[in-house]
Structures are given as C-alpha cells and as structure tokens.
Amino acid sequence: MEYKFDNYNWFNFLLKRLYLYLISFSIGITIILSFLVIYLGLKIVRLSKQDNVYVICGNDIKEAVKRKAPTLWRDKNEIMIFSRFLLERIFSNHEYSLEENLEEIIHYMDEKSAKLLISKLNEDIRLLYKVHNGISTVKIKELEMSLEKSPIEVYLSYEVNFRFPNSESVLEDMNTSSGVYFEIEPIKRCKANPYDIQIRSLTFVSNQQKNEDTK
C-alpha cells in the first residue's frame, strides 16, 4: 500500500514538472515570436523608406524601384551647380556651340522664360559669334538664393568676357557685367532635363537695377 502511494506522488510530481516545462516553452515561443514580429516590422518600415520595393508575385519576390514625386527641396550646392550650368550654356559659347547650347538650355525653362532668352540673344549677339568668330566665357560674381521660400528664388551676378582671336575682326576684346533672376519649380525628371527642375520668371537685371532694389 505504501509503494502505490509513492508511485502516485511520483507520477503527480512528473505531471507538474511537465506542465511547468510546457508553460515555460510556451512563454519562450511567445517571446521569440514577439521579437520576430518586431524585427520584421522594423525591416518593413526601413525598406519602405528606400528606393527599392519588393512585390510578392506568386512564389517569387520581385524587386522594383519606388517612384518619387518631384520635391521642391534643393540644397545650396545643387543650386550652385545648376546655376553654373545655366550660365555656361547661355554665355560660354563660340560659333559652333551657340545654337546647340541654347537648344539644350530652353528645355529647363517655361515658355515665357525661353522666349525672353531667345529675344535677348538676338541677331546682333549671334553676329558676334558667326561673323566675328567671337568666343565668350562667363564667371559668376555673386549668387543669392532663398531656399526657404516656395518657389526657390535665385539671383546671379555674372561677367561675360568676349574675345575675338581672328586678326581680321575689327572688334576688340570686351567685358560686360549683368545679372539674372529666376525661380525654380520641381518637375518630372526626363532625359532632356536630368535636374528635374524648371526655370520660371526669368528676368535679366542690370547692376544699376540691382543696386536700386537693395536701397
């Protein structure tokens, strides 16, 4: 009778230990699954902020590129690089590069600004290159920008140097200084406009006008 009682106690003890092991195992699995869910959630959030996205197609996972909407924000260095590019295409030319550069740069402008630029570079200016073999270079003297405003406003003061290396030319080398104001708006990037920005409200400003505005 005593032997059966001991067996009963031992069996009861074994069940209790097994029950405790199952509870501990369940808690452990729950903790592991919780950490796994948190890890996967953070991974998904991190991937959602990247340019690459992943799409589940049946049994395969396809990688794609997330398309971003045009953003107005530009840093100072980007504006400086674009401004230099703009001025060089407009004013740094020779007989064979003038038309090509103008055709390229008007893709960065709205219609009104493009028409103004073409009117400024009239036939008299073109004759300096085509007849007198003029070569022009440009240098930025001053750059002002308002990155906090929308649209971004930019003012450039520049100096254009004209040289006439042809000995038959009756013109002498000359320098001229002026300024230009424009606004920047974001647009969809394309092959003709890799900067994905457009110039609007283009205005040529003389040094005298700039000085009067700052008074």
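Letter by letter, the sequence shown follows residues 1 to 215 in the working numbering. Built from N, CA and C at the ideal position, the CB exists for glycine as well.
By Cβ distance below 8 Å, which residues in the same chain neighbour residue 172 in space, the five residues on each side in sequence not counted?
164
Comparing C-alpha positions only, which one of 138, 98, 83 sits nearest to residue 175?
138
Which word fits residue 86, buried or exposed, when buried means at least 16 other C-beta atoms lie within 10 angstroms of its C-beta?
buried
Rounded straight-line distance, which links the Cα of residue 124 to that of residue 109
23 Å
Alpha carbon to alpha carbon, how far is residue 149 from residue 100? Give it in angstroms, no decimals.
33 Å
Since residue 82 and residue 195 should fall inside the 8 Å C-beta cutoff, what is the C-beta to C-beta distance between them, to a whole number of angstroms?
6 Å
Name the one or two DSSP bridge partners that residue 30 has.
For residue 30, which the question treats as bridged, DSSP gives no partner whatsoever.
From which residue to which residue does the alpha helix (DSSP H) around residue 187 run?
Premise fails: residue 187 is in no alpha helix (DSSP H) and is neither H nor E.
Could you check which residue in 23, 161, 79, 35 has the C-alpha nearest to that of residue 186?
79
Determine the closest residue to residue 190 out of 104, 34, 146, with distance taken between C-alpha atoms.
104
Looking only at C-alpha atoms, which of 96, 117, 131, 98 sits nearest to residue 106?
117
Just the Cα atoms here: how many angstroms apart are residue 202 and residue 166?
34 Å
Extract the residue ranges of the beta strand (DSSP E) inside the region 100-178, only unbroken runs of 3 or more that lie entirely within it.
135-146, 152-163
Chain D beta carbons: is any one of them nearer than 8 Å to that of residue 122?
The chain inventory of the structure shown lacks chain D, comprising one protein chain alone.
Look at residue 162 and residue 128 and say whether their C-beta atoms are less than 8 Å apart.
yes
Just to confirm the assignment, what range does the beta strand (DSSP E) spanning residue 201 have?
197-205
Thinking just about the alpha-carbon of each residue, which of 151, 32, 141, 130 is nearest to the one in residue 198?
151
Sorted by chain position, which residues of the same chain lie with C-beta nearer than 7 Å to residue 146's C-beta, five sequence neighbours on each side aside?
152, 153
Selection from 112, 111, 90, 95 that minimises the alpha carbon distance to residue 102
90
Where the alpha helix (DSSP H) through residue 93 begins and ends:
Counting along the chain, residue 93 falls outside any alpha helix (DSSP H), and DSSP gives it neither H nor E.
In chain order, what residues of the same chain have a beta carbon less than 8 Å from the beta carbon of residue 20, not counting five sequence neighbours either side?
none
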